[in-house]
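Residue 59 is where the sequence shown starts when you use the working numbering, and the numbers rise one by one after that. Glycine included, C-beta positions come from ideal geometry on N, C-alpha and C. Remember, predicted model here, so these are calculated numbers, not experimental data.
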Amino acid sequence: MRKPSPPTRTHRDARSGRGRLLDQPRRGRKGLRRRLPSWRQLLGGFLLSVGSLCGLFAYGYAQVSIPDENAAARQEANVYYWADGSQMTAVGAVNRQIVPLSQIPVPMRNAVVAAENASFYSDPGVSFTGELRAVVNMAKGQDVQGGSTITQQYVKNTYLSQDQTYTRKIKEFFIALKLSRTKSKDLILQGYLNSSWFGRQAYGIQAAAYAYYGIPAKDLDPGQAALLAATLKGAEQYDPSLSAANHARAVARWSWILDREVASGLMPQAERNKYRTFPEPRKQSVATSMSGQIGYLVNVANAYITKRTGLAEKDLARGGYRIHTTFEKDKVRRLEQAVKDVTGQGLDPKHRAADRYAEVGAATVRPRDGAVLALYGGSDATQHFTDNADTSGVPAGSVFKPFALAALVDGVRGPHPLRWPVTTPPPGIADMQSALVTSAHAPFVQLGKSIGWVWIRNAAVKAGLLKSSMAPLEQTFPIGTSTPSAIRTADAYATFANSGKQNDPYSVTAVLRHGKPVGGLQHPDARTAFTPGVAATVDKVLQDVASRNGSQKIVPGSASVATGADDLTKSAWFVGYTHDQSTAITLFRNKPDTAPLLSLKDTGGTGSLHGNVLPPRIWARFMGYAGDFALNRR
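Shown next, in the form of structure tokens:
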């Protein structure tokens with residue numbers, strides 16, 4: 059009888075369970091060991107998991123590339139500066155001013171690193187523990203968030219959206235890894251500080267420094283830097299001006315950040331000890347960036363830029379321009395306050411119909427170069443849209459007469475005497491002076507007939523008025539039917555204060571974009587409008603007029619002319635100048651959406667000479683004289 063053959067390996071494996079893909083429960087084992095996996099199974103499972111994760115990581119790393127920066131991250135405001143270099147306003151859909159890292163002080167950088175990502179300079183750009191926390195949050199159904207690094211936050215701000223989704227978080231992780239290999243840590247930190255939200259409508263550290271402390275980022279001290287770093291955790295919770303609870307949170311986090319800098323080796327303890335008092339920021343302002351006089355100033359600056367440089371409005375709308383103006387903050391505020399004080403006392407629109415719809419425009423120009431130092435365009439640029447300082451359509455009246463006088467003096471004493479064709483003897487200079495004091499019209503009408511209206515117009519244009527503002531050449535032309543703006547009128551009078559040298563008015567000294575100047579802003583050299591002798595004669599007459607009317611008594615060395623009772627009752631003007639500044643002020647009544655000017659008859663009440671006393675009072679208040687100032691009129 060044949061012996062049965064021995065079982066094959068396959069049969070043995072089948073009997074022992076080793077031929078199965080997964081020997082579970084395990085054969086040949088008893089009790090608990092029967093259910094536990096073997097070390098081979100554990101190792102195999104671990105290697106399979108690691109291999110799968112590595113494969114997924116490699117696939118994700120290969121598939122995700124660094125995208126282009128999103129448009130929102132590059133969008134900046136246009137920033138306008140006062141003549142002293144301080145910021146006037148920032149205008150744009152996004153209040154951001156991108157600055158290089160060299161303009162962000164080291165204490166600001168250290169405060170952010172200590173607060174947000176202490177391992178920033180050594181980590182690979184991502185936080186694996188933070189990502190694990192995000193996965194746990196996902197599993198719990200909470201927001202997709204975790205302890206993101208500065209690099210990851212920069213990626214979110216600059217390359218991705220703010221959406222809290224799984225796919226965005228995955229992309230953020232891989233882009234941050236790649237970015238750390240292609241960009242330096244300094245560039246990443248610079249980008250983060252320029253793109254982050256600090257509250258108060260401020261994107262980026264430069265806008266934040268102005269919003270909280272009214273200074274550029276480069277001037278932040280370590281205490282101020284720590285407070286701004288605290289707002290990165292959420293300005294709605296850490297802006298101390300919003301509530302008492304916010305203030306308490308802000309103080310606590312501010313102190314923690316400074317201590318954290320010491321613990322991280324980013325600040326010596328001795329330096330930390332200097333900052334024990336919380337640096338209270340400015341109160342949050344709810345006013346718009348274009349309110350008050352700011353909108354008028356910005357519009358005048360923009361008009362000058364587009365005229366001189368070739369930049370169109372759409373170019374300026376791109377943002378990112380740094381615009382340095384000639385406007386002097388203190389003079390703008392003084393002029394605005396002078397208008398409010400005088401009109402508040404002299405006008406009563408609620409009870410006097412003749413005072414309704416009264417408008418004031420004013421401008422101050424520096425004689426030596428034509429710089430526009432201040433202007434008053436109206437009550438508020440966000441409510442009254444027409445700039446009264448730069449508008450035409452308001453008759454000049456008697457303040458136009460000095461240009462007729464200049465034409466006469468130029469013809470008699472200029473380099474080419476009697477150039478105009480005299481048909482009848484012109485009045486004498488003394489007669490002109492007397493007529494200016496009393497606002498009499500007849501001598502100037504006679505002068506126009508004598509020397510010709512063209513010569514008077516030419517003298518006005520040479521002084522600085524625009525030819526487009528000139529009225530038709532007819533009998534009333536010499537008495538002020540032309541309609542120059544307050545800016546141009548102040549500039550033209552400045553010619554007499556500048557020994558006959560005329561400068562076109564200008565409002566912008568420099569325009570830069572990304573640190574590079576925009577060309578075309580070179581201000582033209584002064585032109586000789588009149589000889590020094592002619593200018594001195596007109597200046598002497600105007601000083602005598604000012605003396606007789608009282609202005610020279612309060613402002614020594616001043617010269618001025620005003621409209622009077624005999625002028626047309628559509629406008630009231632006063633122009634006064636010293637060696638340093640020439641100021642023109644006009645008052646008129648204009649009902650919105652109605653073209654013709656309303657009469658000034660009885661405006662300001664009885665004794666106001668149809669509102670004519672108000673412009674000189676504004677000028678006197680602006681020049682620092684707080685008492686009453688009335689014109690000596692017959």
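Check residue i in the structure and name its three-state DSSP category.
{"i": "V576", "result": "coil"}
{"i": "M325", "result": "coil"}
{"i": "G634", "result": "strand"}
{"i": "K276", "result": "helix"}
{"i": "S508", "result": "helix"}
{"i": "P673", "result": "helix"}
{"i": "S640", "result": "strand"}
{"i": "Y683", "result": "coil"}
{"i": "Y217", "result": "coil"}
{"i": "V713", "result": "For the chain, the structure presents residues 59 to 692; residue 713 sits outside this window and is missing."}
{"i": "R414", "result": "coil"}
{"i": "Q264", "result": "helix"}
{"i": "S313", "result": "helix"}
{"i": "K695", "result": "Outside the displayed range of the chain (59 to 692) lies residue 695, so it cannot be described from this structure."}
{"i": "I381", "result": "strand"}
{"i": "G436", "result": "coil"}
Could you tell me the alpha carbon to alpha carbon distance between residue i and residue j, rounded to whole angstroms?
{"i": "L689", "j": "S492", "result": "Reliability of the predicted coordinates at L689 is poor, the pLDDT of 46 falling under 50, and no value is obtained from them."}
{"i": "A293", "j": "A620", "result": "54 Å"}
{"i": "D427", "j": "R340", "result": "36 Å"}
{"i": "L405", "j": "W314", "result": "56 Å"}
{"i": "S349", "j": "V467", "result": "45 Å"}
{"i": "D399", "j": "S657", "result": "23 Å"}
{"i": "G682", "j": "Q441", "result": "29 Å"}
{"i": "P298", "j": "A521", "result": "55 Å"}
{"i": "T534", "j": "F461", "result": "14 Å"}
{"i": "Y333", "j": "E417", "result": "51 Å"}
{"i": "K389", "j": "S347", "result": "19 Å"}
{"i": "K276", "j": "L159", "result": "10 Å"}
{"i": "T401", "j": "D660", "result": "14 Å"}
{"i": "G262", "j": "Y564", "result": "32 Å"}
{"i": "G573", "j": "I676", "result": "40 Å"}
{"i": "F680", "j": "D448", "result": "19 Å"}
Going by other Cβ atoms of all chains shown within 10 Å of its Cβ, with 16 needed for buried, is residue i buried or exposed?
{"i": "N607", "result": "buried"}
{"i": "E394", "result": "buried"}
{"i": "D549", "result": "buried"}
{"i": "Q639", "result": "buried"}
{"i": "F646", "result": "buried"}
{"i": "P542", "result": "buried"}
{"i": "Y138", "result": "buried"}
{"i": "R239", "result": "exposed"}
{"i": "F443", "result": "exposed"}
{"i": "H382", "result": "buried"}
{"i": "R258", "result": "buried"}
{"i": "Y379", "result": "buried"}
{"i": "R391", "result": "exposed"}
{"i": "P654", "result": "exposed"}
{"i": "S301", "result": "exposed"}
{"i": "D413", "result": "buried"}
{"i": "A465", "result": "buried"}
With distances taken from CA atoms, which of the options is nearest residue i?
{"i": "T644", "options": "T627, P673, L656, S618", "result": "P673"}
{"i": "K214", "options": "D244, Y179, S242, Y250", "result": "Y250"}
{"i": "W631", "options": "S540, L579, V358, Q533", "result": "S540"}
{"i": "A604", "options": "R167, H409, T496, M348", "result": "T496"}
{"i": "A584", "options": "V452, S185, R424", "result": "R424"}
{"i": "H581", "options": "N175, K408, A267, N561", "result": "N561"}
{"i": "R152", "options": "Q133, I162, S160", "result": "The question names Arg, but residue 152 in the sequence shown is Val. Here the closest residue by C-alpha is Q133."}
{"i": "G622", "options": "D651, H668, G663", "result": "H668"}
{"i": "A678", "options": "Q610, N648, T627, L658", "result": "Q610"}
{"i": "H305", "options": "R318, V320, E338", "result": "E338"}
{"i": "V356", "options": "G257, Q327, D597, V149", "result": "V149"}
{"i": "A141", "options": "A412, L600, V569, Y635", "result": "V569"}
{"i": "P501", "options": "D373, T482, D181", "result": "T482"}
{"i": "L374", "options": "A176, M146, R571", "result": "R571"}
{"i": "T147", "options": "A529, R307, I352, D489", "result": "I352"}
{"i": "A168", "options": "E319, Q327, A529, Q161", "result": "What sits at residue 168 in the sequence shown is Asn, not Ala. Nearest option by C-alpha distance: E319."}
{"i": "A265", "options": "V592, G577, G663, I156", "result": "I156"}
Residue i and residue j look like a contact to me (Cβ under 8 Å); what is the Cβ gap, rounded to whole Å?
{"i": "G538", "j": "V457", "result": "7 Å"}
{"i": "S616", "j": "S527", "result": "No, S616 and S527 are not in contact; Cβ-Cβ is about 25 Å, not under 8 Å."}
{"i": "L579", "j": "R366", "result": "6 Å"}
{"i": "T589", "j": "G558", "result": "6 Å"}
{"i": "A328", "j": "A308", "result": "With 8 Å as the limit, A328 and A308 do not qualify as a contact, their Cβ atoms being about 24 Å apart."}
Taking 7 Å as the cut-off, is the C-beta of residue i nearer than that to any heavy atom in the ligand NAD?
{"i": "R167", "result": "With respect to the ligand NAD, the structure offers nothing, as it holds no ligand at all."}
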